[in-house]
Every structure is written in structure tokens, then in C-alpha cells.
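Here the structure comes first, spelled out in C-alpha cells, and everything after it is commentary.
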Amino acid sequence: RARPRGGTTRAPRVRVAVRDRCVAPALSPANMTDPVPVSSKPTSIDADDSEATKKIPPPVVMNALSIKVAGAIRPYLDKAAPLLVAASTGFALVEPYAVALWAYLQYVWEKLQPYHPEEMFPALAGFVLVFFGGNFFTLCAAVEAYRLVGFADTKKALQKLQKSYALAMAASKKDDELDEDGDGVADVKQIGKKELVVRKLGVVAKAVDPVLVADALTAINTGLMAVVATLRVKFAQCVTLGVTVGGIAHNIVSTHIEPVLLELTPAEYKKWVAPSVKHGCQLAGVTLAWSLQMTISAFHSSSRGAQLFARGTLAYLVRRNYLKPSAVDETGKFFNAFIVLFGFVGFWSQFWSGFSLPFPLNILLLPVRLMEWGLRVVVFMLG
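Quick note on our numbering: the sequence shown kicks off at 17 and runs consecutively.
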């Protein structure tokens, strides 16, 4: 190309730089009057482009990495597919009954509103705790720990999970009606169980807020960990006290009783006497410590139950104008005197009966007893 008159090289340099940028703007006097030296522009632009190119990874590499990761995960997904199908089938079978049970409980709760169930049920629970709470000391400890640490957060978490469940079910029902191929048959009826599970998981994942679900599960897990920690501490206290008492008893038994047992035991069995005496003393000590813990828990359950019973019963009597409104004041003398008297009567009744459940409460409270035994097994396993 011919160089312009005057010996300037500005125009050709601009045209070359623009051509290298794959853009073809028309030259004008405005382009020629840029105060910045034009010769420096192509170098700086090319440098910026090279740095940006280095920072952005090539899409081919990213696609290859994604394919590689997906290929590594796919075998595990294929192995988990039968479990997902079984879980989905089980959920589909249980879900209608659970929804029906929840609806029935809500119906019963509405019918009981004239009787103020928010006061009646705590009063009944308090009465059971006052006179029979020592039989359920593990369950009482777990409930008390959960109430103090995780109940409020768990209640909010369950409400959030219920909303997420409603959104997921609504999205799933909407997905059941889709007919994207237009053949008059819903798409979910034209695929296998495995594909249906994967499809429903995708629908739920799109409809549910993962942050909300994660926060709710974290709140529930925090409450459960508080229960586990409380039960482990109580078990550790019983074991520590029991071993200490057992050690003291073993010192006495090994001095005065073990020699007699050795004399009465045949020679081939004498080697079993010392270990049997030692572990028998430890077992007796742990049993005694467990009984003491049951007594302490009975006192606690009597106090707590008397408070619950007083709240519900006195509120009912005030509403019926049998008592003055000051009777429900928890800082008043009448309320606290009622708690002390009623709690003492309940604790003495439990202690005198040997912490046993009379008929027919041993039958009516069988589900609660099963929960108590299950928690005790968990406590021993954790210990």
C-alpha cells in the first residue's frame, strides 16, 4: 500500500492493528486525533488478550474433565439405582398412610379445641411423670436435653421441611401430567422405574431449596447430638460411680469372703474365683449406681411433672372460675406450694412402690416402655 504524504505512519498502523483484531471500522478524522500514541495500542491490547486467554481454561479441557468425572461416578450410580428404586417404592407405599394419619391427627386436634388440648395433654403427661417418671429416666433425660438445646430450632426446621415437601409434591404432580412428545400419554408412564426415579429426583432437586433443607437437617442433627451427649454423660457417671463402689466392695470381699470361696471351690475351678469376685463387685456397684440414678431421675421427673400438671390444671380451674387468676402465677406462693406438695407425694409414691408400673398402666404405656428400653440399649452401646 502507498504511504500517505507527510511521512506519517499513523494511519497504516491503525489499519493493521484493527485488521489483526478482526474488526474493520472505517477510518475517520476522529480516529486520527487520538491523544494516546497509536503505536502502543496494538501491543497493550495483544498483551491483555494473552493474559485473559491464559486465565480462561479451554472449554475442550473442561468438557473432557466433566466426561471423565461422570464416567467415574456412573458405576456407583448404577449400583445405587436398585436401592433408589426400592426406596422410592417404599416411600410411595408409606406416603399415603402417613398423609392420612397426619390429616386424622389434625382432625382430632380440631375436635379437641373446646377442651383446650394444649393444656390437657401437658397436664396428663405431668401426672404420669409425677407418679411413674422414674421408670423412664433415660427417656426423660433425652427429652429434657432436646427441649433445652434443639427443640425450638427443630420445630422451625420441621416447618421448613414441610414446606419443602409440599413444593416437591406439587412439582411431582405437575411432572406426572407432562406429555412433551404429544402422543396423549404422560411421559412418566412411558419410562422404566430407574429412569422414573432419576427423573423424580431431578424434579425434587429443582423445586426444593437446598440451603433451607441443609439448615433444617443441621438443626435436627444438633438436637440429636445433644441427646446423645447427655445420655453418654449420664452413663459415664453411673459407670464411674459403680466402678468406684465396686472397687471398695472388692477390697472388703477379697479380704474376708474370697478365701472362704477358695476353700469351698474345687481345685480345677479355683482360678475362676478371683476374676468372678472382682467383676461381680463391679457389676453390683454399677447396679447400685444405676438405682441411685433412677432415684435422682424420679425426683427430677416428679418436680418437672408437678410443674406441667400445675400449669394445665390450675389454668383450667381459673378458666372455670374455681380459683383466682393469681393461682396461675408461677412466681406466686400458691403455685409453688402446689408443685412442692404434689411433687413430694409423687416421688414418695414411686420410691415406696419400687419404681414399678401398676396394671393397667404397664399395658397402656407399653410403647413408652419400648422407647425407654431402646434408649437404654443405645446408651450401653455408646458407652
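Ideal placement from N, C-alpha and C gives every residue a C-beta, glycine not left out. None of these values were measured; they are calculated from a predicted model.
Nearest-angstrom Cα separation, counted from residue j out to residue i
i	j	result
Ser270	Trp288	13 angstroms
Leu339	Ala314	30 angstroms
Gly218	Trp118	27 angstroms
Asn378	Gly370	14 angstroms
Ala396	His295	According to the sequence displayed, residue 396 carries Phe and not Ala. About 17 angstroms.
Cys254	Arg392	13 angstroms
Asp231	Lys172	10 angstroms
Asn352	Glu346	7 angstroms
Gly263	Ser180	56 angstroms
Ala158	Ala139	20 angstroms
Val361	Leu324	15 angstroms
Val394	Val214	36 angstroms
Asp195	Asp203	5 angstroms
Phe107	Lys216	13 angstroms
Gly198	Ala182	28 angstroms
Leu357	Lys349	12 angstroms
Glu193	Ala102	23 angstroms
Ser372	Asn151	7 angstroms
Ala186	Ala221	13 angstroms
Pro123	Val115	Checking the sequence shown, residue 123 turns out to be Tyr, not Pro. For Tyr123 and Val115, the distance between alpha carbons rounds to 12 angstroms.
Gln178	Thr260	49 angstroms
Ala141	Leu257	31 angstroms
Val165	Thr154	17 angstroms
Per-residue DSSP class, three states only, for residue i
i	result
Val159	helix
Phe315	helix
Gly348	coil
Val374	Contrary to the premise, residue 374 reads as Pro rather than Val in this sequence. Residue state, collapsed to three classes: coil.
Asn337	coil
Ala202	coil
Gly208	coil
Ser307	helix
Glu388	helix
Glu111	helix
Val214	helix
Val394	helix
Val224	coil
Leu121	helix
Leu380	helix
Leu128	coil
Whole-number beta carbon distance between residue j and residue i, since they are thought to touch under 8 angstroms
i	j	result
Gly149	Gly321	6 angstroms
Cys297	His266	4 angstroms
Phe363	Ser292	Actually they are not in contact, since the Cβ atoms of Phe363 and Ser292 sit about 37 angstroms apart, beyond 8 angstroms.
Leu401	Lys176	Given that the chain is displayed from residue 17 to residue 399, the structure contains no residue 401 and the question cannot be resolved.
Thr238	Asp169	7 angstroms
Pro112	Trp125	Pro112 to Trp125, Cβ: 20 angstroms. No contact.
Ala290	Glu279	Incorrect: roughly 14 angstroms between the Cβ atoms, too far for contact.
Residue range of the unbroken alpha helix (DSSP H) whose run includes residue i
i	result
Gln178	Phe167 to Asp192
Val146	Pro133 to Phe148
Minimum Cβ-Cβ distance from residue i to chain C less than 9 angstroms
i	result
Gly150	Protein chain content of the structure displayed is limited to a single chain, and chain C is not contained in it.
Start-end ranges of the alpha helix (DSSP H) lying completely within the region 227-295, minimum 4 residues: Segments of the alpha helix (DSSP H) lying fully in the region 227-295: 274-280.
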